[in-house]
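To start, the structure under review is shown below, and the notes come after it.
4 protein chains.
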Amino acid sequence: MCGIVGMVGNGPVNQDIYDALLLLQHRGQDATGIATAEADAMMHIAKGQGMVREAFRTRDMRALRGETGLGHVRYATKGEASREEEAQPFYVNAPYGIVLIHNGNLTNTRELAEEMARRDRRHVNSTSDTELLVNVLAGELQETTSSELLEPEAIFEAVGRTHARIRGAYAVISVIAGHGLLAFRDPHGIRPLILGRRPGATSEEHDEWAVASESLVLENGGYEIVRDVEPGEAVFIRHDGALFMRQCAAAEGASPAACTPCAFEYVYLARPDSVMNGVSVYESRLRMGERLAATIAAHVPVEEIDVVMPIPDSSRPAAMEVARRLGIEYREGFYKNHYVGRTFIMPGQAVRRRSVRQKLNAMSLEFRGKHVLLIDDSIVRGTTSQQIIEMARRAGAASVTFASAAPPIRHPHVYGINMPSREELVAHGRTIPEIAEVLGADHLVYQEIEDLRAAIVEGSELTDLDMCCFDGRYVTGDIDEEHLAWVQASQAS
Amino acid sequence: MCGIVGMVGNGPVNQDIYDALLLLQHRGQDATGIATAEADAMMHIAKGQGMVREAFRTRDMRALRGETGLGHVRYATKGEASREEEAQPFYVNAPYGIVLIHNGNLTNTRELAEEMARRDRRHVNSTSDTELLVNVLAGELQETTSSELLEPEAIFEAVGRTHARIRGAYAVISVIAGHGLLAFRDPHGIRPLILGRRPGATSEEHDEWAVASESLVLENGGYEIVRDVEPGEAVFIRHDGALFMRQCAAAEGASPAACTPCAFEYVYLARPDSVMNGVSVYESRLRMGERLAATIAAHVPVEEIDVVMPIPDSSRPAAMEVARRLGIEYREGFYKNHYVGRTFIMPGQAVRRRSVRQKLNAMSLEFRGKHVLLIDDSIVRGTTSQQIIEMARRAGAASVTFASAAPPIRHPHVYGINMPSREELVAHGRTIPEIAEVLGADHLVYQEIEDLRAAIVEGSELTDLDMCCFDGRYVTGDIDEEHLAWVQASQAS
Amino acid sequence: MCGIVGMVGNGPVNQDIYDALLLLQHRGQDATGIATAEADAMMHIAKGQGMVREAFRTRDMRALRGETGLGHVRYATKGEASREEEAQPFYVNAPYGIVLIHNGNLTNTRELAEEMARRDRRHVNSTSDTELLVNVLAGELQETTSSELLEPEAIFEAVGRTHARIRGAYAVISVIAGHGLLAFRDPHGIRPLILGRRPGATSEEHDEWAVASESLVLENGGYEIVRDVEPGEAVFIRHDGALFMRQCAAAEGASPAACTPCAFEYVYLARPDSVMNGVSVYESRLRMGERLAATIAAHVPVEEIDVVMPIPDSSRPAAMEVARRLGIEYREGFYKNHYVGRTFIMPGQAVRRRSVRQKLNAMSLEFRGKHVLLIDDSIVRGTTSQQIIEMARRAGAASVTFASAAPPIRHPHVYGINMPSREELVAHGRTIPEIAEVLGADHLVYQEIEDLRAAIVEGSELTDLDMCCFDGRYVTGDIDEEHLAWVQASQAS
Amino acid sequence: MCGIVGMVGNGPVNQDIYDALLLLQHRGQDATGIATAEADAMMHIAKGQGMVREAFRTRDMRALRGETGLGHVRYATKGEASREEEAQPFYVNAPYGIVLIHNGNLTNTRELAEEMARRDRRHVNSTSDTELLVNVLAGELQETTSSELLEPEAIFEAVGRTHARIRGAYAVISVIAGHGLLAFRDPHGIRPLILGRRPGATSEEHDEWAVASESLVLENGGYEIVRDVEPGEAVFIRHDGALFMRQCAAAEGASPAACTPCAFEYVYLARPDSVMNGVSVYESRLRMGERLAATIAAHVPVEEIDVVMPIPDSSRPAAMEVARRLGIEYREGFYKNHYVGRTFIMPGQAVRRRSVRQKLNAMSLEFRGKHVLLIDDSIVRGTTSQQIIEMARRAGAASVTFASAAPPIRHPHVYGINMPSREELVAHGRTIPEIAEVLGADHLVYQEIEDLRAAIVEGSELTDLDMCCFDGRYVTGDIDEEHLAWVQASQAS
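Chains as they are written, first to last, in the numbering used here: chain A, 139 to 631; chain B, 139 to 631; chain C, 139 to 631; chain D, 139 to 631.
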């Protein structure tokens with residue numbers, strides 16, 4: 139889980155990128171980085187641990203000079219968080235000087251790493267798939283071009299060859315020193331990327347452009363939405379504001395029709411005020427609530443339920459719609475604390491698990507003696523749901539029905555959503571009644587897979603989605619048991 | 139605006155205080171500090187700028203050894219933020235070694251500062267009223283005691299003499315090295331303070347105690363609520379867990395009956411899951427909504443309103459109740475971004491104002507073509523409300539009715555809630571229709587003063603409140619025009 | 139081993155104190171601190187680890203506003219280095235606000251610590267004798283004065299009472315907020331302190347004053363030397379430049395005639411370009427060489443020696459004089475590296491001892507085939523001398539005669555010179571031939587005790603010295619075997 | 139002015155490189171960097187401002203894993219000091235991953251920068267000639283090799299092509315990831331580089347190798363000196379300890395006979411205990427003294443001189459020899475303070491020039507009434523000499539004769555010794571009597587150019603030297619007036 143943004147402006151872009159990263163902070167809070175390029179090709183990079191607010195100091199921002207730039211926020215997997223070598227953006231100086239960030243996950247990193255040393259003779263100094271990616275792109279740019287001046291043609295050919303070499307899900311933003319900003323999206327459009335335009339303030343100024351993971355970043359910055367970058371498509375924006383776009387992955391079957399975005403963006407990850415692939419995230423969540431209501435009604439004696447409550451924040455729209463459809467009162471019984479901290483390891487003290495209560499607290503008035511229906515966006519490990527249900531009971535709930543706006547998660551996610559290993563998923567190898575028992579719920583209802591799909595695609599041009607962790611179907615076609623076992627083994631180490 | 143917590147435990151309290159500060163973070167995000175004391179009287183202090191998460195490093199935490207301690211989060215007024223000398227806790231080494239924090243505001247600081255140099259011959263190295271307070275207390279302790287061992291009697295007498303010397307609103311927590319933790323509250327109970335108890339884990343362990351600004355901190359830490367500290371009352375908890383309580387401000391008229399807590403805690407400041415002075419903050423907000431609904435119905439054609447929406451997060455309960463009472467649908471049309479950042483000042487660039495949109499965004503679907511009723515907790519400067527109303531209109535609202543769960547703010551607040559100067563308050567010197575025009579609202583409704591009072595005190599033993607910024611009545615009796623003019627002048631500098 | 143400086147100026151003193159500390163850096167390189175006071179009594183303190191160059195940043199210096207101030211450099215004993223609580227200056231806020239530094243060592247800290255808690259009810263938060271000292275002084279000031287304004291009389295009485303309570307060696311500089319700078323010296327004048335005056339630049343400006351451990355600091359700053367502060371004497375300089383001096387330890391037998399300064403200042407610690415107690419350090423070292431030459435001639439076949447060499451830097455004058463007196467050629471065969479670093483502890487690696495060679499290297503040309511006479515200022519543990527002798531042999535020396543400008547060190551030093559415990563002193567319990575064998579020297583010559591005394595006092599008004607580590611005589615009269623055993627035990631822990 | 143070191147060991151090299159840098163600290167104190175490579179080709183880099191002691195923290199050192207590595211200390215020219223982009227080492231990731239440092243100065247940077255963008259399409263993100271150098275080498279390696287495995291042949295060919303493209307003075311150390319350590323020296327051998335070998339500790343261990351700017355680093359580390367790297371020669375040491383050497387600049391006329399090392403190394407820069415190009419620095423300085431004595435005798439009435447004194451530290455050997463040859467007593471009248479600090483710029487205060495006295499102080503005893511002959515290694519701007527002469531007079535000198543062990547500096551130095559621009563050189567455009575007048579010396583004597591050359595080359599295989607700043611002859615043949623004007627203009631900006 140990452141958030142990315144890139145900009146080509148008329149003036150300095152550092153503060154704009156910083157502000158954009160704050161708006162993407164929900165997509166990753168473990169590390170962040172910004173790179174900018176000046177017209178004379180000088181590049182500046184600043185990276186830091188933690189949230190945007192913590193990571194950049196005034197002197198970092200002052201050094202980030204330039205009218206073209208990009209930024210990244212990162213959700214780190216276990217153990218990665220403090221390794222500076224893994225932090226994006228990544229820079230290579232040949233050819234041209236390229237800095238690159240991506241959101242997603244490459245699935246053929248083993249092959250790429252081997253190829254990189256053998257064929258490309260490029261040094262990779264981390265285990266990051268982003269470093270592989272920038273080197274694949276750099277290697278291909280070296281092959282497709284031979285002049286100092288880089289033509290859009292050559293860039294697009296290099297992107298095409300990059301698509302041919304890499305597998306997985308990726309939305310990429312890159313700055314090529316002295317030239318401009320390049321962005322492209324994987325052939326299945328699994329990870330999001332959207333383009334916006336802001337007219338120059340004066341007649342001397344060119345159009346300003348931004349690409350980002352989510353549309354609200356563009357809107358907030360005063361950009362009009364141009365459209366989503368299509369699956370397999372590349373966008374190149376020259377320093378002078380000239381825009382070039384090209385489908386570069388036709389050979390990999392990419393087309394707008396073949397777009398299968400990650401369902402998790404709608405379920406949980408994206409902000410509700412974003413529109414992705416033509417689908418309003420907020421509205422899709424309302425529809426998830428609508429369909430979930432029907433499933434709940436089919437399985438649970440709804441007339442006994444006194445009140446519907448969301449687990450804040452992301453399940454709020456679905457819960458509100460469930461309440462409306464079922465004609466049950468909607469209340470907010472949980473208060474969410476947005477301030478997170480750390481657990482320090484003291485010599486001679488046992489490490490303590492910080493309880494869910496540090497993040498969520500129940501208002502007794504809303505629970506006392508009531509039969510409550512709690513709506514969450516999804517259930518992963520189940521430990522949080524378990525604690526929430528217990529909290530509701532301690533607050534006096536007469537009974538707790540729990541409903542998930544997403545179907546059971548039974549398979550690994552390999553396209554850039556951080557998930558625990560299969561064995562840790564509560565739904566892995568369990569029936570719904572078995573899960574209910576683990577969670578301690580009186581009733582447990584899950585969204586149907588087809589309902590989730592329909593709730594998202596309804597009214598859009600989308601026909602399918604990546605729903606791999608629900609249905610075990612991997613759209614890139616290269617994921618087999620051997621791969622999943624390797625993923626599992628890598629996580630364990 | 140500050141949050142405070144103190145603990146006497148059987149083991150190290152550093153992580154517990156840290157966790158408590160995270161739960162109080164909403165009360166202040168500009169600076170924070172922790173102090174701990176070991177059984178042998180060694181004290182350790184760590185302070186830092188910014189949020190709790192940013193301010194403390196592992197090595198700070200490791201140095202904070204000891205079984206007794208206290209913590210503070212601070213909301214700084216303009217210009218103060220970066221002055222380390224102002225950061226709490228404050229320490230004086232004579233007599234005994236005292237570390238102290240407080241939430242509130244002293245109103246006779248001019249007299250105290252003068253007295254301090256002349257009579258007490260104590261050095262005050264900041265403009266902080268907390269430094270004055272710790273020195274008044276230290277000076278009185280020096281007078282009331284003469285032995286190495288400090289008896290509760292002597293401590294309570296010193297607190298009594300401190301009450302006699304200081305004016306204003308204050309909830310104080312202090313650690314006296316080698317002795318224990320002392321907490322006390324101003325004679326009017328303006329600022330909150332509550333006591334909790336946690337039984338020792340084994341028969342060898344004594345009871346553990348905590349005092350804090352808000353009850354949820356105690357609950358979250360597994361403490362049972364004992365009760366609010368009463369106006370003028372002092373609590374002394376020896377290092378060995380023995381508890382002593384005493385009313386120390388009878389001379390100043392303090393009594394449970396004379397408790398006039400700050401109404402702003404209920405309106406805006408406190409977490410909804412806290413109970414203060416016997417009043418559930420959450421329930422008081424529901425009642426504010428109930429009463430506000432009646433006022434709205436009396437002034438606005440409610441049948442034309444399509445939807446009620448809160449300005450998240452604190453107005454949510456009131457808004458939900460308004461919707462229910464008026465029989466209008468409740469929807470969440472605004473998304474609140476909880477990640478805040480900074481605006482960097484770049485050489486040669488103008489300073490930019492960060493728009494409200496960085497924090498709040500409107501979901502068009504909920505606004506398009508609708509007559510909306512927006513509920514906020516209060517209106518201070520009016521600039522935010524103005525931008526929100528404009529945002530609603532741009533999102534397609536057919537009309538915007540705006541309602542404030544608090545009455546018009548027309549007077550300075552001198553008891554520890556940070557407010558701009560009188561001239562900057564939008565309601566200062568304006569009628570409600572004039573304010574509506576400034577805000578750009580089609581209709582504007584304010585809670586009645588008596589309704590706010592009733593909503594808060596209803597069902598409790600409270601009979602009155604401090605509502606100075608609404609009604610201009612100052613319960614401490616020492617605030618006159620000269621004082622307010624001096625406050626204004628100090629702010630301006 | 140510490141260096142101290144204090145100044146009362148017409149303008150800001152921060153940079154002047156900083157520059158003075160650089161000149162005192164040879165007296166301590168482990169920690170440093172500066173405190174300044176403004177005319178309105180605001181005080182500012184900055185402390186840091188390591189050398190002056192490393193410890194203070196621009197923002198520290200900017201915060202050190204004020205026309206009166208003091209500074210300290212510290213040589214830490216084992217384990218102390220990284221404990222921030224031990225860092226000077228120490229501050230107490232009652233009475234008046236006092237900041238204090240000292241050079242030396244108190245010998246009755248056990249009694250003082252006990253008294254402090256019991257009688258003075260003052261909190262001491264470290265094991266530093268400086269913190270005890272500032273509290274004794276503060277306690278006495280509280281007793282001797284009762285008004286806001288502090289008269290020199292009262293200050294001097296408090297200093298007198300302080301002398302009566304503390305034992306040991308101390309040169310103290312203190313700033314009393316709102317009043318001025320106070321400095322005083324122990325009744326035996328063991329540690330140095332000297333006063334300088336700089337006329338104001340204009341007729342509006344008052345005289346500026348400085349006190350420091352060494353005269354070169356004053357000279358370098360453009361101050362004319364007034365004179366050494368006498369044993370037991372106190373100097374008080376008001377913020378307005380008025381100077382007051384008083385003998386405050388007559389009761390303890392202090393008088394100019396009773397001055398017994400530490401011989402080690404002349405042997406090793408002080409800079410050669412300083413004059414202390416009327417004795418030029420440089421000239422005393424020349425005389426040490428003169429007398430050492432005679433002793434060498436009496437014990438060693440000097441006609442066989444080809445060349446005399448110093449162990450740089452402090453033995454250079456003595457060596458040059460030895461060469462001249464013996465008529466042997468003087469050469470510099472060792473090169474000293476002034477850049478010191480750290481040995482990092484790596485996981486899984488053994489700690490390595492950094493050899494003397496990292497600091498000292500031999501020029502083969504000067505050693506090859508020659509009979510060399512090496513002169514060092516003193517021999518403590520003997521390990522360095524051993525390695526130097528071995529280095530000389532590896533460089534080709536035909537024979538190595540080693541001479542120490544100081545007598546054998548056989549007793550603990552309790553007056554502020556850091557020494558290992560008795561057992562680690564190579565001369566403890568060994569005859570000179572036994573020491574020679576341990577060191578691997580062909581011949582070993584030590585200065586006679588009386589010769590050292592004579593070399594230092596010659597031509598001055600001094601009649602005696604503190605030479606405790608050579609002769610086991612402790613001038614303060616309170617050191618017995620029990621005390622020495624306690625010191626030893628404290629060091630071991 | 140820089141110092142460099144590289145090592146291939148059997149175990150971790152981080153601490154060894156750190157220790158080596160401390161020994162090279164005299165060659166540069168403004169910035170430093172270390173890079174290491176692990177057997178699996180992972181590389182680690184740490185850089186910092188200031189001295190070695192300040193720049194590296196424990197966590198930096200722990201991250202510097204690997205058995206091959208290199209280190210650098212830097213003397214920054216004006217304005218450069220704080221620019222992180224300029225800090226060595228520089229890294230490029232294609233091909234192979236190369237990290238590189240150098241000591242010296244390239245003279246054709248303008249051409250190289252242009253070529254780099256146009257022909258090599260490599261991005262250069264600083265104005266550092268080191269970044270150009272690593273990119274030239276990388277570009278040539280890419281051309282000369284095509285396989286994953288890099289043969290010594292290919293490396294040497296790439297070095298040869300690098301020699302052909304770059305001009306100036308350079309001693310280079312580089313690590314090629316997964317392969318080993320490469321070092322080479324410019325075709326004229328202007329800057330020094332020497333190779334050492336340390337046998338493995340066990341039969342399983344291979345030989346360990348080190349290359350460094352100065353021999354004392356090797357000796358100190360326990361390496362036996364193999365020999366100087368020859369002009370134009372390259373050394374490649376594989377990770378497994380295998381050594382390969384090759385002359386790579388025969389085309390540029392490089393040969394041992396054509397070696398013209400920089401005379402300034404002997405005059406001032408190198409440590410006396412180093413041997414460079416077969417010449418002991420210490421002995422060459424003695425010979426400089428010997429020859430200077432003759433010149434002094436020829437120009438000055440030596441019988442009137444009472445005493446000879448060095449300006450510490452580097453002129454000590456020359457001064458001692460002057461004294462011996464002239465039969466005049468040698469004394470040390472100046473004390474040098476080795477602790478340097480900063481001058482802080484305070485708001486509203488004028489910047490103060492720190493006087494020479496902060497670094498050097500005169501012992502009056504040695505000057506009073508005496509006719510002194512002061513010996514310095516060289517005279518650059520003359521401002522320091524001027525202040526020293528004044529200091530001697532104030533200390534009581536009857537007359538001051540000043541002699542420089544190096545000839546007048548009248549031309550720019552373009553091979554890596556930092557010098558002010560021509561106009562700032564006191565000898566530029568002045569006769570010796572005119573200079574004497576500027577300095578305020580009674581007599582002024584300079585070493586003759588031929589004497590300096592003879593003093594250095596005597597007894598070695600060297601026949602010539604680079605003495606460009608004395609004689610205006612530039613051995614690389616590419617320096618003309620246009621170039622010198624460009625250098626001057628660059629410095630000014």
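Note that beta-carbon positions come from the ideal geometry of N, C-alpha and C, so glycine has one too.
Please read these numbers as outputs of a predicted model, since none were measured by experiment.
Give me the chain A residues within the contact set of E428 of chain D, using Cβ-Cβ distance strictly less than 7 Å, ordered along the chain.
What E428 of chain D touches in chain A: nothing, since even the nearest Cβ is about 52 Å away.
What first and last residue would you give for the alpha helix (DSSP H) that runs through Q525 of chain B?
T521 to R532
Just to confirm, are A401 of chain A and I570 of chain A a CB contact at a threshold of 8 Å?
Their beta carbons are not under 8 Å apart, which means A401 of chain A does not touch I570 of chain A by this criterion.
Are V274 of chain D and I311 of chain D touching if we call contact CB-CB under 8 Å?
no
Does the beta carbon of N246 of chain D come closer than 8 Å to any beta carbon on chain A?
no
Are any of the Cβ atoms in chain C nearer than 8 Å to that of T196 of chain D?
yes
Is T522 of chain C close to chain D? Criterion is C-beta to C-beta, closer than 8 Å.
no
Y234 of chain A touches chain D at which residues, Cβ-Cβ below 9 Å?
A255, R259, R260 and H261
Give the range of the beta strand (DSSP E) segment to which P448 of chain B is assigned.
Here the beta strand (DSSP E) through P448 of chain B covers V445 to P448.
Keeping to the same chain, check which residues put their C-beta closer than 7 Å to that of S537 of chain A; ignore five residues upstream and five downstream.
H509 and D580
Quick test of your reading: I328 of chain C and S353 of chain C, contact by CB under 8 Å. State the CB separation rounded to the nearest angstrom.
Contact check for I328 of chain C and S353 of chain C: beta-carbon distance about 17 Å, past the 8 Å limit, so the pair fails to qualify.
Can you tell me the Cβ-Cβ gap for Y404 of chain D and R423 of chain D, rounded? I've got them flagged as a contact below 8 Å.
7 Å
Cβ of T644 of chain D less than 8 Å from any chain C Cβ?
With chain D represented from 139 up to 631, any question about residue 644 of chain D goes unanswered, as that position is not in the structure.
Ignore the nearest five residues each way along the sequence and tell me which others in E442 of chain A's own chain have a CB closer than 8 Å to its CB.
Within the same chain, H509 and S537 come within 8 Å of E442 of chain A by CB-CB distance, once the 5 residues on both sides are set aside.
Just mark G615 of chain D as buried or exposed, buried being the case when its beta carbon has 16 or more other beta carbons within 10 Å.
exposed
Report back the beta-carbon spacing between Y477 of chain C and Q163 of chain D to the nearest angstrom; my notes put them in contact at under 8 Å.
With a Cβ gap of about 4 Å, Y477 of chain C and Q163 of chain D count as contacting.
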